[in-house]
Structure formats: C-alpha cells, structure tokens
Amino acid sequence: MTKPGPQRLSTEQLEHRGSWLAKERRKEEKAAAAPKRPKRKIPPPVDRESLKDIIKIIPGYDPYKGAEDYEFGDEGAEKAGKAIDFFQQKLSHVKGELAGKAFLLEDWEQAIIANLFGWKQKNTGFRRYQESLIFVPRKNGKTPLCAGIV
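For the sequence shown, UniProt numbering begins at 1 and goes up steadily by one.
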C-alpha cells in the first residue's frame with residue numbers, strides 16, 4: 001500500500017527540472033556508494049619499563065641532573081605511559097596521506113612527553129616541569145604534538 005499524497009520523484013526527474021534536491025540526492029548516493037574507511041588499528045600500550053630508558057635519549061639532556069627532590073618511579077612511569085597511550089590510541093592524523101591513521105609518536109616525542117608527565121616531586125607530588133620550550137623545525141608535527149599535550 002502506498003502512502004497518500006504526491007509520489008516521490010526520481011533523481012532523474014528532479015535533475016530534468018533543475019531542482020536543488022537532485023544535487024543533494026546525488027551527494028547522498030555517492031556517500032552511500034563510497035567505500036567505508038577501515039577502522040584504524042590501535043597500537044598496543046607503551047611498555048612502562050622502557051620509559052626509564054626513553055627519557056634519556058634527548059641529546060644534551062640528562063634527566064637525572066638536578067633531580068634530587070624529584071623521582072621518575074613506577075607511578076611516574078605510569079602517568080607518562082598514560083599520556084603517550086593517549087596520543088597513540090585516541091588521536092589520529094587529520095589531513096594528508098596519514099589521515100585517519102593513529103598518531104604514533106617518534107622516540108624523541110615520547111621522551112619529551114615522558115619527561116613532562118613522569119617526573120614528580122617526592123614530598124608534594126607536584127610535577128617537575130610546568131612549562132616546556134621545544135625547538136622543532138617546520139613540518140615536523142609541532143601543532144599536533146602541542147595539541148595533544150594541552
């Protein structure tokens with residue numbers, strides 16, 4: 001049984017009339033026919049024990065120098081690991097050939113994140129670093145890195 005009222009016009013009839021609705025229907029048809037983007041693969045969590053080695057890879061920086069009142073223990077490694085996992089499991093690239101793929105951090109980026117979030121003061125529990133100044137050449141992903149930190 002058909003619904004009462006005027007019958008729905010086909011897309012061809014709407015195009016022949018020059019209707020704006022024809023363009024909308026074509027867009028919907030293209031979107032329905034387009035292949036679906038595959039689900040992105042979520043990388044495994046970063047190994048918490050390896051973070052104690054990762055924090056040392058920044059050239060010219062000794063993380064233990066001047067850190068008598070601070071510690072990078074198991075709790076710090078857990079916080080740093082959660083921050084790195086947030087990047088790699090929750091964030092994805094927005095544009096370019098990597099669009100839709102997981103935002104995998106390079107080793108130097110992991111070292112920065114681990115140092116920022118892993119160190120805490122022994123007595124108060126405050127973080128060692130509240131600010132960071134990172135010099136990175138252009139086209140090396142500064143904006144997505146900073147967006148994930150903020």
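Idealized CB from N, CA, C, for every residue including glycine.
Note that this is a predicted model, so its numbers are computed, not measured.
As assigned by DSSP and simplified to three states, the class of residue i
i, result
"alanine 99", "coil"
"glutamine 130", "coil"
"lysine 30", "helix"
"lysine 52", "helix"
"lysine 23", "helix"
Alpha carbon of residue i to alpha carbon of residue j, nearest angstrom
i, j, result
"residue 151", "aspartate 69", "What is shown of the chain runs 1 to 150, which leaves residue 151 out entirely."
"asparagine 140", "serine 92", "15 Å"
"lysine 142", "valine 136", "7 Å"
"alanine 80", "isoleucine 113", "7 Å"
"glutamate 71", "lysine 90", "28 Å"
"tyrosine 61", "tyrosine 129", "14 Å"
"glutamate 75", "tryptophan 20", "60 Å"
"glycine 118", "isoleucine 42", "23 Å"
"tyrosine 64", "lysine 52", "11 Å"
Residue i at chain B interface by Cβ criterion, 8 Å
i, result
"leucine 116", "The chain inventory of the structure shown lacks chain B, comprising one protein chain alone."
The alpha helix (DSSP H) enclosing residue i, as first and last residue numbers
i, result
"glycine 148", "142 to 149"
"arginine 17", "11 to 17"
Close-in-space but distant-in-sequence residues of the same chain around residue i (CB under 6 Å, 5 per side omitted)
i, result
"isoleucine 58", "Ala111"
"valine 150", "none"
Inset, instruction - Return the chain-ordered ranges of every alpha helix (DSSP H) run that is complete within the region 65 to 112 and spans a minimum of 4 residues. - result: 74 to 90
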